[in-house]
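Report on the following structure.
Chains as they are written, first to last, in the numbering used here: chain G, 6 to 467; chain R, 314 to 387.
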């Protein structure tokens, strides 16, 4: 019973609430009990807001009785701890903000609250959405429910772990170089990085203004569609927020992929990718073909310039952190501190050239998307690495398959494609044209209707 | 760890890194220099490989607009 509730979809919960088969308070209590049992192992939550959750759940029950039709009513969620929450501490995963209690909510926290969600708490993030927590850090790192000796990915590490373990139904993540999609890939869940400007970043701790995206994480493409619906839309408080109208993301979700044109970029995206990941990817393409999509190879000529996005990210991160780095460096994790310091070492002309390369990649990607409807690529190079590997301070950044879509700003959904021989999830990412999240979600949903990878449960949840 | 003596022309030398650190007025621990050098070198590789004359018309700005979709299904 507990597992059935913990892994229920938004649609299932909404239906059962309205049939009076179960109540938001019962679901919330079930999840709080699971959190109490499993979080000491997983460290997904940095702050649990049990009283607030039960209060939200009771409010949802009142709203349900009055016939409120909001699809997120009574749906338990939790926020990556870089989203400002009024009256609730927002640590950024850092000792610098460890006791900071904001006096306002970020725009998207407010939007989900207004949609009737139940807030369970705040989820650990890599330090300032960038630096993995090393042993001795103020906040312990989240662990991967599929194998707790492995990382859950980051920086939305707590979000990935909590969703995979059935501790929440949805979560806010953020994605500057893959921080929604990486944890989604490593934890076997779904993560959507919407188009740049689609979802507000107001009230979210910055890593890089150019590359930061906010978006939902859930266990399926369909749940991401429900969650995006309540997030998307113009926000005057975010200078990068778009004014594009928000479509109904659920309306076309069941449309399938018959006739959909899928593009595969073979150059760059398959370099260093492990054989099991490639094999699962090819099987996924085959499944989409069986469902009626046509698959062809496409090219992005400038794709090999992708690593230049680190110039942008590091320079902007240094700009954000400079005063604290100079005045209170001891409050940063040592490895993160040196990486942020590196952002102060680029020249102005190098930053501008990196921005021009970004424009070139964006242009080339748009050209590729003139001949296909979506691009599909492996999300990451392989399954989640072990902590003992990434806790080497000299462990390098892996080649990024996700960075190209932060550069291009295109909507990209990561969903599971199977498991490695070691039992860890594998993943692909589906990218679409600007503001065409609907096609991306429809493609992911069609694949998930035909497969059951997203319904598998990790051993830690038993 | 890469041998600093085995650098391609576009890579960053340790001397150049130290000079950049001096100019920026920041502190990087000695035992982290190799990591920082690799971080900068990897990020700068495409920038240094770029002949800016080949992208004279490319501006450092990106517009995000919906592109014509119509019914693109075949």
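Using N, Cα and C, we set each Cβ at its ideal position, and we do this for glycine too.
Considering Cα atoms alone, identify which of the options is closest to residue i.
i: residue 428/G; options: 265/G, 149/G and 395/G; result: 149/G
i: residue 399/G; options: 352/R, 329/R and 375/R; result: 352/R
i: residue 28/G; options: 375/G, 123/G, 251/G and 160/G; result: 123/G
i: residue 444/G; options: 456/G, 15/G, 232/G and 254/G; result: 254/G
i: residue 46/G; options: 417/G, 166/G and 35/G; result: 166/G
i: residue 465/G; options: 331/G, 170/G, 87/G and 125/G; result: 170/G
i: residue 419/G; options: 193/G, 277/G and 54/G; result: 193/G
i: residue 432/G; options: 441/G, 439/G, 442/G and 449/G; result: 449/G
i: residue 454/G; options: 7/G, 225/G and 133/G; result: 225/G
i: residue 152/G; options: 40/G, 191/G, 341/G and 38/G; result: 191/G
i: residue 103/G; options: 381/G, 78/G, 336/G and 230/G; result: 336/G
i: residue 12/G; options: 30/G, 39/G and 25/G; result: 39/G
i: residue 272/G; options: 233/G, 380/G, 223/G and 334/G; result: 380/G
i: residue 117/G; options: 248/G, 26/G, 205/G and 23/G; result: 205/G
i: residue 416/G; options: 120/G, 135/G, 35/G and 371/G; result: 371/G
i: residue 83/G; options: 203/G, 173/G, 75/G and 31/G; result: 173/G
Run through DSSP, which three-state label would residue i get?
i: residue 434/G; result: strand
i: residue 88/G; result: strand
i: residue 225/G; result: coil
i: residue 407/G; result: coil
i: residue 213/G; result: coil
i: residue 265/G; result: coil
i: residue 179/G; result: strand
i: residue 340/R; result: coil
i: residue 197/G; result: strand
i: residue 219/G; result: strand
i: residue 204/G; result: strand
i: residue 444/G; result: helix
i: residue 184/G; result: coil
i: residue 351/G; result: coil
i: residue 457/G; result: coil
i: residue 324/R; result: coil
i: residue 462/G; result: coil
i: residue 351/R; result: helix
Under a CB-based cut-off of 9 Å, is residue i close to chain R?
i: residue 269/G; result: no
i: residue 213/G; result: no
i: residue 407/G; result: no
i: residue 198/G; result: no
i: residue 72/G; result: no
i: residue 176/G; result: no
i: residue 385/G; result: no
i: residue 278/G; result: no
i: residue 450/G; result: no
i: residue 319/G; result: yes
i: residue 313/G; result: yes
i: residue 310/G; result: yes
i: residue 220/G; result: no
i: residue 3/G; result: Residue 3/G lies beyond the stretch modelled for chain G, which goes from 6 to 467, so this question has no answer here.
i: residue 303/G; result: no
i: residue 294/G; result: no
i: residue 414/G; result: yes
i: residue 316/G; result: yes
Is residue i a contact residue of the ligand HEM, with contact defined as CB to any heavy atom under 8 Å?
i: residue 93/G; result: Looking at this structure, you won't find the ligand HEM or any other ligand, since it has none at all.
Indicate whether at least one CB of chain G lies closer than 9 Å to the CB of residue i.
i: residue 324/R; result: no
i: residue 372/R; result: yes
i: residue 366/R; result: no
i: residue 355/R; result: yes
i: residue 385/R; result: Confidence at residue 385/R is low in this model, with a pLDDT of 40, below 50, so its placement is unreliable and the value that follows should be read with caution. Chain G contact via Cβ: present.
Problem - Residues, ordered as in the chain, of the stretch 431-447 of chain G that lie near chain R by beta-carbon distance below 7 Å - result: Against chain R - using a Cβ distance shorter than 7 Å - the residues of the stretch 431-447 of chain G are 438, 439, 440 and 441.
Problem - Contiguous alpha helix (DSSP H) assignments of at least 4 residues, all confined to the stretch 23-110 of chain G - result: 29-47 and 55-70
Practice task
Note down, in chain order, all residues in the stretch 355-372 of chain G with a beta-carbon under 9 Å from any beta-carbon belonging to chain R.
Solution key: Listed by position, the residues of the stretch 355-372 of chain G near chain R (Cβ gap below 9 Å) are 355, 356, 357, 358, 359, 360, 361, 362, 363, 364, 365, 367, 368 and 371.
Practice task
Return the chain-ordered ranges of every beta strand (DSSP E) run that is complete within the stretch 111-166 of chain G and spans a minimum of 3 residues.
Solution key: Whole beta strand (DSSP E) segments, 3+ residues: 123-128.
Exercise for the section: Taking only runs that begin and end inside the stretch 374-429 of chain G, name each unbroken alpha helix (DSSP H) of 4 or more residues, in chain order. Expected result: 392-395 and 408-412
Practice task
Identify each residue in the stretch 237-256 of chain G for which the Cβ-Cβ distance to at least one residue of chain R is less than 7 Å, and report them in chain order.
Solution key: 247 and 249
Handout entry: Interface positions of the stretch 389-406 of chain G facing chain R (Cβ-Cβ less than 8 Å), listed along the chain
Key = 398, 399, 401 and 402
Exercise for the section: Closer than 8 Å, Cβ to Cβ, to anything on chain G: give me those residues from the stretch 332-349 of chain R, in chain order. Expected result: Of all residues in the stretch 332-349 of chain R, those with a C-beta nearer than 8 Å to a C-beta of chain G are 333, 334, 337, 339, 340, 341, 342, 345, 347, 348 and 349, reading in chain order.
Exercise for the section: Let me know the beta strand (DSSP E) ranges lying completely inside the stretch 238-325 of chain G, each 3 residues or longer, listed in chain order. Expected result: Given a length threshold of 3 residues, each whole run of the beta strand (DSSP E) inside the stretch 238-325 of chain G is given here in chain order: 266-270 and 299-303.
Handout entry: Near-chain R residues of the stretch 329-359 of chain G (beta-carbon distance less than 7 Å), N- to C-terminal order
Key = Here the close residues are 343, 344, 346, 347, 349, 350, 355, 357, 358 and 359.
Handout entry: Selection of the stretch 98-127 of chain G by Cβ proximity to chain R, strictly under 8 Å
Key = Answer set for the stretch 98-127 of chain G: empty.
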